[in-house]
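Order-wise, the sequence lines are chains X and D. Residues in the first sequence are numbered consecutively from 1, following my numbering. Residues in the second sequence are numbered consecutively from 1, following my numbering.
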Amino acid sequence: MGKERNEKLDDIYRRYAEPLFYYLLRMSGSSTLAEDLVQETFFRATVSLSFYKYEDVKPWLFKVARNTYLDEWRKRQRWKWVPFYDKGDMKSPYGIPEEEVVTREKIGELADLLELLPENYRTIIYFREIAEFSYEEIQEAMELTESQVKVTLHRARKRLQILAERESKD
Amino acid sequence: MTEWTKDKEKRILWKYRFSLTMRIIRVVLILLFLYGIYMVLLSIGYSFSKLDDKNSFHLNLAIDWTQPGLHGEYGSPINAEITPFLGQRMTIPISQTIGKEEQVIGEWNVTKRLLNIFSTKEMTYFQSSDNKKFGFILPEDPRTGKKLVGVTNEADHHEWQKLEMVHEGTVANLAFSTSQFYNPKELLKKLEKYDLDIQWMPLYAGELKAFEPSWGSTGGGAHLSVDTLGLSRAVDMDEDYNGWAEYLLDSRIIEETQKMMLKNMKNLIDHESKTYRQNVLGLRYLEERYEYLKENEFLVYGAVVTGPVKELLKLREEQDFRNIQVGKFEYWNWETE
């Protein structure tokens, strides 16, 4: 039983470690932090009993990864008043304020534009356009209904389009 | 640096496994630490509550009342501990006096759980030969008042013969039943002319008349025995269980002994639950027996005595004594007081 479980965990790890790393890299903006968040994601997945209820663990693992990223952000916000606590840069889940966008020069590609979006828009665009999730998988990973997925995705794309047009004018 | 490589995969996997192991170890250590703190606090609280002393006193009383010829050790420190689920484990030594020499022959291992219905008690003898309990037969059937005959003269003769055959330099204990009920003082006075110590007397407390305990009948109804309590030495324990006074089976103070027994019975009835009395102490029908003894006079129908074998042999002359059972022999240790 234990051996079978370990083999299953190893198999899942080898399959999903890489896509999770890229997702968390995109979310956090730091390779080192993304590595830590991947191992934290797998730790949480291991201790969670519901892990075995899922036929397809992909959306569930991404949901855990997203929560891990958000928890890390909240933790940093809680501790930022402590002197010398600074653990390096981490992208905010709230995106970058629009006033700052116009002053930035490096905006160009979709990947760069993503970091300007709030976390939920960033995640849904990433899931759909980069990780190629189906609508069902996005529903499960983000805990949204089908219509909420469609609405959120539409708004995220529209926002991205505005940012891209603004960038091309500049 | 931002590219996925095999090294990165291995590094994350190693970190994940290390972190998992460390967290498991941390949780186990925290749990062990909390458990240790909990048990230390619980043990300190248990010690201050004096629950161990109270239970020890009650168990020693139960030994004195239910084990013919055996007695508890009020002075010995009790081996008691509290379990994580608030149960108590206690070991109570049981002693026997043959002649003048007291010896610990076994122990009661008692596990008292939070719900007394699940409590258990086990008696362990250090030598299997000590696993022999004296029995007594009633002089009459309490339901009909009909006189009951004793065991055959041959059976009694066989027991007396044991005493005849051993050297006079030995001591022993012996139990007998009587063919009529006696007032304890009366029986003690009857035995005063012998150089013996009286240890225990089966007490009639309304069995088969006021209530029906477990009972057995042999010889076609000629011998009737019931589950009984005994009149033994009585102990007056102070409230904080630090000191006590002992009342022996002596005709001069027997009234005090009887009063003290009633007081201890009343204390158990008033302050302890029925399940505790029955499951932990093994005292059945205590309330009924108390009520009967309070309303009626104390009556006994036998005794366990100890002394030099040739002195015990003199009891043969007593026509009322029957159902003789010789117990254990020891080398001479007698001192005439």
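C-beta atoms are modelled at their ideal positions from N, C-alpha and C, and glycine is treated no differently.
Looking at the C-beta of residue i, does it have a partner C-beta in chain X at a distance below 8 Å?
| i | result |
| --- | --- |
| Ile30 (chain D) | no |
| Ile12 (chain D) | yes |
| Lys6 (chain D) | no |
| Thr120 (chain D) | no |
| Thr2 (chain D) | yes |
| Lys15 (chain D) | yes |
What residue from the options has the CA that sits closest to residue i's CA?
| i | options | result |
| --- | --- | --- |
| Glu348 (chain D) | D:Thr336, D:Lys328, D:Asn323, D:Gly327 | Because chain D is modelled from 1 through 337, residue 348 (chain D) falls outside the range shown and cannot be assessed. |
| Leu203 (chain D) | D:Thr83, D:Gly75, D:Gln67, D:Ile105 | D:Gln67 |
| Arg143 (chain D) | D:Ile30, D:Met260, D:Gly206 | D:Gly206 |
| Pro118 (chain X) | X:Leu37, X:Lys58, X:Leu163 | X:Leu163 |
| Arg11 (chain D) | X:Glu167, X:Ala65, X:Val38, X:Glu115 | X:Val38 |
| Glu140 (chain D) | D:Gln319, D:Tyr301, D:Pro184, D:Glu311 | D:Tyr301 |
| Lys91 (chain X) | X:Lys63, X:Arg122, X:Gln148 | X:Arg122 |
| Lys365 (chain D) | D:Ser179, D:Met22, D:Trp108, D:Phe181 | Lying before the first or after the last residue shown, residue 365 (chain D) is absent from chain D, which here runs from 1 to 337. |
| Gln96 (chain D) | D:Lys54, D:Leu187, D:Asp130, D:Leu13 | D:Asp130 |
| Met260 (chain D) | D:Leu248, D:Asp270, D:His271 | D:Leu248 |
| Phe126 (chain D) | D:Gly145, D:Gly106, D:Lys132 | D:Gly106 |
| Asn242 (chain D) | D:Phe57, D:Gly307, D:Val40 | D:Phe57 |
Would DSSP call residue i helix, strand or coil?
| i | result |
| --- | --- |
| Ala210 (chain D) | coil |
| Glu122 (chain D) | strand |
| Trp14 (chain D) | helix |
| Pro207 (chain X) | Absent from the model: residue 207 (chain X). The displayed extent of chain X is 1 to 170, so no value can be given. |
| Leu349 (chain D) | The displayed coordinates of chain D run from 1 to 337. Any statement about residue 349 (chain D) would go beyond what the structure contains. |
| Thr97 (chain D) | strand |
| Glu105 (chain X) | Model confidence at Glu105 (chain X) stands at a pLDDT of 47, short of 50, so the residue's coordinates are unreliable; what they give is reported in the following sentence. Coil at Glu105 (chain X), not helix or strand. |
| Gly72 (chain D) | strand |
| Ala205 (chain D) | coil |
| Lys147 (chain D) | strand |
| Tyr69 (chain X) | helix |
| Ile82 (chain D) | strand |
| Gln161 (chain D) | helix |
| Arg284 (chain D) | coil |
| Glu99 (chain X) | Caution applies to Glu99 (chain X), whose pLDDT of 49 falls short of 50 and renders its modelled position unreliable; the model cannot decide the point. |
| Gly36 (chain D) | helix |
| Asn116 (chain D) | helix |
| Phe134 (chain D) | coil |
| His154 (chain X) | helix |
| His167 (chain D) | coil |
| Gly45 (chain D) | helix |
| Leu144 (chain X) | coil |
| Asp250 (chain D) | coil |
| Phe133 (chain X) | coil |
Can you check whether the C-beta of residue i is within less than 8 Å of a C-beta belonging to chain D?
| i | result |
| --- | --- |
| Tyr13 (chain X) | yes |
| Asp168 (chain X) | Here residue 168 (chain X) is Ser; the residue named in the question, Asp, does not match the sequence. No - not a single Cβ of chain D is within 8 Å of the one on Ser168 (chain X). |
| Ala68 (chain X) | The sequence given here has Thr at residue 68 (chain X), not Ala. Not closer than 8 Å to any Cβ of chain D, the Cβ of Thr68 (chain X) fails to qualify, so no. |
| Ser31 (chain X) | yes |
| Glu105 (chain X) | Because the pLDDT of Glu105 (chain X) is 47, which lies under 50, any placement of that residue in the model is unreliable, and the number read from its coordinates should be weighed accordingly. For Glu105 (chain X), the answer is no, since every Cβ of chain D falls outside 8 Å of its Cβ. |
| Val151 (chain X) | no |
| Phe133 (chain X) | no |
| Leu25 (chain X) | yes |
| Thr123 (chain X) | no |
| Glu4 (chain X) | no |
| Met1 (chain X) | In this prediction, Met1 (chain X) has a pLDDT of 49, which is less than 50 and means its spatial position is unreliable; nothing more can be read from the coordinates. |
| Val38 (chain X) | yes |
| Ala17 (chain X) | yes |
| Glu72 (chain X) | no |
| Phe62 (chain X) | no |
Are the CB atoms of residue i and residue j nearer to each other than 8 Å?
| i | j | result |
| --- | --- | --- |
| Val235 (chain D) | Tyr35 (chain D) | no |
| Leu51 (chain D) | Gln88 (chain D) | yes |
| Trp73 (chain X) | Pro93 (chain X) | yes |
| Leu138 (chain D) | Val226 (chain D) | yes |
| Ala175 (chain D) | Gly69 (chain D) | yes |
| Leu231 (chain D) | Phe298 (chain D) | yes |
| Glu311 (chain D) | Tyr194 (chain D) | yes |
| Glu40 (chain X) | Phe21 (chain X) | no |
| Leu224 (chain D) | Ser217 (chain D) | yes |
| Val104 (chain D) | Gln199 (chain D) | no |
| Tyr171 (chain X) | Leu24 (chain X) | In the structure displayed, chain X extends from 1 to 170; residue 171 (chain X) sits before or after that span and is not available. |
| Gly307 (chain D) | Asp197 (chain D) | yes |
Identify every residue that forms a DSSP beta bridge with residue i.
| i | result |
| --- | --- |
| Trp108 (chain D) | D:Ile92, D:Met123 |
| Trp215 (chain D) | D:Val226 |
| Ser177 (chain D) | D:Gly302, D:Arg322 |
| Ala172 (chain D) | D:Gly307, D:Phe329 |
| Gln103 (chain D) | D:Gln96 |
| Met237 (chain D) | D:Trp244 |
| Asp197 (chain D) | D:Thr306 |
| Glu140 (chain D) | D:Lys147 |
| Tyr182 (chain D) | D:Val300 |
Any beta-carbon of chain B closer than 8 Å to the one on residue i?
| i | result |
| --- | --- |
| Lys133 (chain D) | Here chain B cannot be found, since the structure's protein chains are X and D. |
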